[in-house]
Structure formats: C-alpha cells, structure tokens
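**Q**
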Amino acid sequence: MPRGAYDLTDPAAYKSSAAAEAITMHQRQVKQEQAIAAAEQAATKDQKLIKSKKSRGIVDARKATKEAAKTDGQASEAHNEAPLKP
1 MPRGAYDLTD
11 PAAYKSSAAA
21 EAITMHQRQV
31 KQEQAIAAAE
41 QAATKDQKLI
51 KSKKSRGIVD
61 ARKATKEAAK
71 TDGQASEAHN
81 EAPLKP
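Read left to right, the sequence shown gives residues 1 to 86 (the UniProt record's numbering).
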C-alpha cells in the first residue's frame, strides 16, 4: 500500500529542516548576488562619472583612502619591527 494518503510531510513546512536549510541557502545566495550587483552598478556609475569628468572628487577620495591605508600599513609595520627588550 502506498504511503500517499499517510504521508503528511510538506517540504515547505517549518519543521522540515531540509527545506528550511534550502530556503536559507537560497536567500543567502540571493543577498550575495544583490550585493555584487549593487557594487558593480556603483563602480559602473563611478567610472561613467570619471569618464565624463563630472566625478567631483571621486578620484581624490580614492587616492585619499589608498594613502590612508598605506599610512596605516606603514605605521603597523613600524610598530611590529620595533625591537623587543629582553
């Protein structure tokens, strides 16, 4: 006798851990894809503004962040290279 009439498991039910895991993984993947798409759109927008010379400081802001990162990196390297006292 088939279990069709007795099988009450619903793959979309809250208690179904496999379905919950699949839904969670799908939602996580969609969020990652949306974040990547948003970053690509922002980069494309910045590139268009830079190309049309209407950037209004985008290039300067990028340079400032690179210099700040470089300065922070040098400061941490200098701190790490300090001789240890015995």
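Every residue, glycine too, gets a C-beta built ideally from N, C-alpha and C.
Output the distance between the C-alpha atoms of P86 and D72, rounded to the nearest integer angstrom.
**A** Model confidence at P86 stands at a pLDDT of 49, short of 50, so the residue's coordinates are unreliable and nothing is read from them.
**Q** Using only the alpha-carbon positions, how far apart do V59 and R28 sit?
**A** 33 Å
**Q** What did DSSP end up calling S17 once you bin it into helix, strand or coil?
**A** helix
**Q** What does the alpha-carbon distance come out to for the pair T44 and A68?
**A** Computed Cα separation, rounded: 24 Å.
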